[in-house]
Amino acid sequence: MDLNTVLEFLLKGLDTSAPIAFAALGGVFSEKSGVFNIALEGIMIVTAFAIIWGSIMFGSIWLGLAFAIILGVAMAAIHALVTVTYKVDQIVSGTALNILAFGVARFLSQNVFGQETQSAMNPYAFPSWHGISVFSLLLIPITALAWFVLYKTVFGLRLRSVGENPESADTLGINVVLMRYSGVLISGLMCGLAAAVLYPSRWVSGMTGGRGFIALAAMIFGRWDPIGAVAASMLFGFADTARINFESKIPIPSQFVQMFPYVLAIVVLAGVVGKAKGPAAGGKPYEKGED
Amino acid sequence: MTRVNKYTLYETVAPLIGFLASMIILVVIVIIVGESPAKAADAVWKMTFSKTARVATILSTAIPLFLAGIAVAFGFRAGVFNIGVEGQYFFGGFVGAMAGIYLPLPAWLHVPSVVFFAMIGGALWALIPAILKVARGIHEVITTIMFNSIALALVNWLVNGPFSGLAGKGSLEAQTAHIRPTAAFLKLNAGFRALGWDVPDSVYLDYSLIVAMIAGFVVWFVLFRLRVGFDVRAVGTSPDVSLYAGIRVKRIQLGAFLASGALAGLVGLQEVFAIRGFYTYEIASGLGLDGIAIALIGRNSPVGVVFSSLLFAFLKQAGYGLQVYTKVPNSVIYVITGLMILIIVVTNELVSRYIRALRKKEAV
């Protein structure tokens with residue numbers, strides 16, 4: 001193995017990890033604020049479609065990305081409205097959004113491209129470096145930024161406080177609702193970025209392939225920490241890259257190779273995490289004590 | 292009207308509003324797509340209520356949907372969010388099919404046996420996520436989704452590899468050997484005709500209808516007539532309070548999770564034993580997701596799930612109607628379903644806020 005092969009493997013691994021990692025970062029922000037977001041998968045389905053649709057519609061991949069981010073944030077806003085304002089069970093809302101997203105992407109594809117299961121080719125692409133999108137490279141600085149925002153800014157402190165103990169945060173004058181909306185909306189934004197690195201030349205139904213859920217596993221494995229979550233996403237991404245590279249060389253039925261990332265996720269969750277504890281108030285709607 | 296009745300009445304408002312609102316949204320979507328609502332309504336009518344055969348098809352379609360819904364609902368009742376119904380019925384169906392292919396039994400014993408083995412298969416597929424939940428606190432939503440993907444790959448391999456029944460048959464779709472005739476789920480259509488309902492033979496109203504009815508009754512009986520059902524509902528309402536009340540919460544959740552998986556194992560029976568007569572990994576997929584929607588819309592009650600699975604079967608047929616006769620694609624049904632759930636749960640919250648305010652006023 002020469003140096004070039006190694007570099008190529010590293011870049012490919014980064015590229016494969018990036019969609020999971022961006023979604024996992026989104027999950028971290030949402031859950032740190034106290035809101036489970038299992039709709040990451042659904043939001044990614046919509047943003048993955050929106051980036052293709054937007055690029056073709058506006059004639060630019062950047063406008064396509066902006067469009068994807070807007071739709072991602074809009075989907076997340078529904079989740080925030082339903083769970084934070086109306087205090088509906090967060091898992092229920094996330095599930096409904098996943099169902100909705102599955103239908104919305106197919107419905108739009110049928111009406112825009114005349115086919116329910118795939119879009120037209122997107123002639124626009126992000127600048128690339130050694131065959132991978134620049135956005136995959138941006139993952140590293142964005143992870144650092146996410147860590148900085150979460151742990152070194154007032155906003156981050158407040159976001160985490162409403163996820164740990166909303167009552168005290170409220171007493172201290174922190175706007176719990178605003179902070180939780182911020183956390184959830186950031187997860188929509190991140191799903192927009194995930195779409196940018198997923199596969200920006202054509203949308204195909206099912207192309208997200210459960211990455212939103214793998215991202216949740218990565219987030220837990222990374223103990224709700226941006227760097228941990230991205231590192232865990234890379235574990236999945238690199239494992240997948242290795243799988244693709246060696247698939248033809250090992251005498252194992254392809255179905256077992258397909259199972260590999262999911263089995264890995266289970267093993268990782270079962271074995272290593274053990275007593276993983278999320279934000280204390282995660283999943284619980286905040287009731288202002290009025291009576 | 293007594294106070295209790297008034298409150299119950301308010302509580303049934305949410306599903307109705309959800310249904311009506313989503314139908315209005317459907318009409319709006321139809322207009323946006325550039326189709327006439329009258330033509331769309333006609334398309335829906337043709338595929339749903341125009342003939343006895345269509346009505347019977349709705350009932351037939353509702354059978355696996357009901358089983359998927361009741362499986363999810365039972366889990367929900369104990370605070371278990373079983374998104375793994377999908378994988379559980381793929382694996383349960385396979386185990387049931389194995390019993391149907393290899394066990395040499397008389398029909399009276401063979402049919403109950405395959406039902407039993409399908410339930411065992413479904414429960415087995417729920418076992419690891421269930422243990423991980425109670426023993427290590429890992430949220431079942433994530434583990435069951437992983438198990439869905441694993442199940443699909445596993446049955447794909449089983450059907451293509453060790454249990455392939457393709458040898459020399461020339462079919463392209465990988466499948467197992469045929470099940471023994473003794474295990475076949477026969478149609479009940481003649482019985483319905485004898486009762487005066489003129490169901491044509493093309494519709495599948497088979498033993499799985501009986502299985503669904505028994506499953507529904509047993510779930511209702513366990514939940515509302517047995518002590519353990521009270522525990523299940525208590526755990527689902529508040530695990531903390533249940534723990535203080537001396538209920539063994541983890542045990543109940545483990546049991547409910549496995550029961551949910553066992554019920555999920557029944558979902559594929561109709562397709563394997565009545566329609567195809569063999570197992571393939573290409574049996575209808577997506578019923579697990581449908582089951583979640585059905586349980587939520589039916590508010591996790593066995594009776595509610597009867598209605599919501601019929602509603603869902605109606606929507607599915609309506610979707611086909613739209614697909615065939617209009618420009619509106621089938622996927623609109625998923626858009627409508629997602630919105631319906633959101634509207635129902637939000638309305639529910641608003642109604643219960645209203646009730647709380649009302650109670651407070653009456654208490655003063």
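Chains as they are written, first to last, in the working numbering: chain Z, 1 to 291; chain E, 292 to 655.
The beta-carbon is built from N, C-alpha and C at its ideal position, and this holds for glycine as well.
Asked, Found
"Tell me the residue span of the alpha helix (DSSP H) that contains Z:Ser182.", "Val176 to Leu198"
"Skipping 5 residues on each side, what residues in its chain have a beta carbon closer than 6 angstroms to that of Z:Gly283?", "Phe36 and Gln90"
"Name the DSSP beta bridge partners of Z:Trp129, please?", "Z:Ile132"
"Spatial neighbours of Z:Glu247 within its chain, please: CB distance less than 8 angstroms, with the 5 preceding and 5 following residues excluded, ordered by chain position.", "Ser254 and Val257"
"Looking only at its chain, what residues have a beta carbon closer than 6 angstroms to the beta carbon of E:Gly459, apart from the 5 residues adjacent to it on each side?", "With a pLDDT of only 48 at E:Gly459, under 50, the local geometry of the prediction cannot be trusted, and no value is derived from it."
"So, helix, strand or coil for E:Asp497, using DSSP?", "strand"
"Provide the residue(s) that pair with Z:Val204 in DSSP beta bridges, ordered along the chain.", "Z:Gln118"
"Would you verify that the beta carbon of Z:Ser93 is, or is not, closer than 9 angstroms to some beta carbon of chain E?", "yes"
"Which one or two residues does DSSP pair with E:Lys478 in a beta bridge?", "E:Asp497"
"Could you tell me the distance, in whole angstroms, from the CA atom of E:Gln674 to the CA atom of E:Ser551?", "This structure cannot speak to residue 674 of chain E, because chain E is shown only from 292 to 655."
"What are the complete alpha helix (DSSP H) segments, minimum 4 residues, inside the region 23-94 of chain Z?", "40-58 and 61-80"
"Out of Z:Leu216, Z:Met179 and Z:Ala217, point me to the one whose CA is closest to Z:Val84's CA.", "Z:Met179"
"Could you check what DSSP says for E:Gly459 in three-state terms: helix, strand or coil?", "Residue confidence for E:Gly459 is low, a pLDDT of 48 falling below 50, so the modelled location carries little weight; the figure read from the coordinates is stated next. If DSSP states are grouped into helix, strand and coil, E:Gly459 belongs with coil."
"What's the C-alpha gap between E:Ile433 and E:Gly556?", "20 angstroms"
"For the candidate residues E:Leu300, E:Asn451, E:Leu560 and E:Ile419, whose alpha-carbon lies nearest to that of E:Phe407?", "E:Leu560"
"Once you ignore the five residues that flank Z:Gly210 on each side, which residues in its own chain have a CB closer than 7 angstroms to its CB?", "Glu41"
"Distance cutoff 9 angstroms, beta carbons only. Does E:Trp448 sit that close to anything in chain Z?", "yes"
"With DSSP collapsed to three states, give me the class of Z:Asp170.", "helix"
"CA-CA distance, E:Asn447 and E:Tyr570?", "11 angstroms"
"Identify, in the order they occur along the chain, each residue of the same chain with its Cβ nearer than 7 angstroms to the Cβ of E:Thr473, setting aside the five sequence neighbours on each side.", "Leu396, Pro397, Ala398 and His401"
"Chain E partners of Z:Gly258, CB-CB under 7 angstroms?", "Residue identity check: residue 258 of chain Z is Gln in the sequence provided, not Gly. Ala444, listed in chain order."
"With 7 angstroms as the limit, tell me which residues of the region 104-118 of chain Z have their beta carbon closer than that to any beta carbon of chain E; keep them in chain order.", "Val104, Arg106, Phe107, Gln110, Asn111 and Glu116"
"Exposed or buried, what is E:Asn639 when buried is set at 16 or more other beta-carbons lying within 10 Å of its beta-carbon?", "buried"
"When the Cα atoms are used, what is the spatial distance from E:Trp416 to E:Gly378?", "7 angstroms"
"Does DSSP put E:Glu431 in a helix, a strand or coil?", "helix"
"Residues in its own chain within less than 6 angstroms of Z:Ser30 by CB, not counting five upstream and five downstream?", "Asn37, Gly183, Val184 and Ser187"
"Compute the minimum distance between the beta carbon of Z:Ile78 and the heavy atoms of the ligand COA, and state whether it is under 8 angstroms.", "As far as ligands go, the structure on display features none, and thus does not contain the ligand COA."
"Would you call the region 595-614 of chain E and the region 65-80 of chain Z in contact, with 3 or more CB pairs under 8 angstroms?", "no"
"Listing by chain order, which chain B residues have their CB less than 8 angstroms from the CB of Z:Val82?", "Of the chains in the structure shown, none is chain B; the protein chains are Z and E."
"Can you tell me whether E:His430 is buried or exposed? The criterion is at least 16 other CB atoms within 10 Å of its CB, across all chains shown.", "buried"
"Anything in chain Z within Cβ reach of E:Tyr625, meaning under 9 angstroms, just list it in chain order.", "Ile99, Leu100, Ala101, Phe102, Gly103, Val104, Arg106 and Phe107"
"Check the Cβ-Cβ distances between E:Pro620 and every residue of chain Z, and say whether any is below 9 angstroms.", "yes"
"Just curious, the alpha helix (DSSP H) that E:Asn373 is in, first and last residue?", "Unbroken run through E:Asn373: none, as it is neither H nor E."
"Let me know the secondary structure DSSP gives E:Glu653 once reduced to three states.", "helix"
"For the candidate residues Z:Ile52, Z:Leu65, Z:Gln110 and Z:Ser33, whose alpha-carbon lies nearest to that of E:Val623?", "Z:Gln110"
"By the three-class DSSP mapping on this structure, what secondary structure does E:Thr617 have?", "coil"
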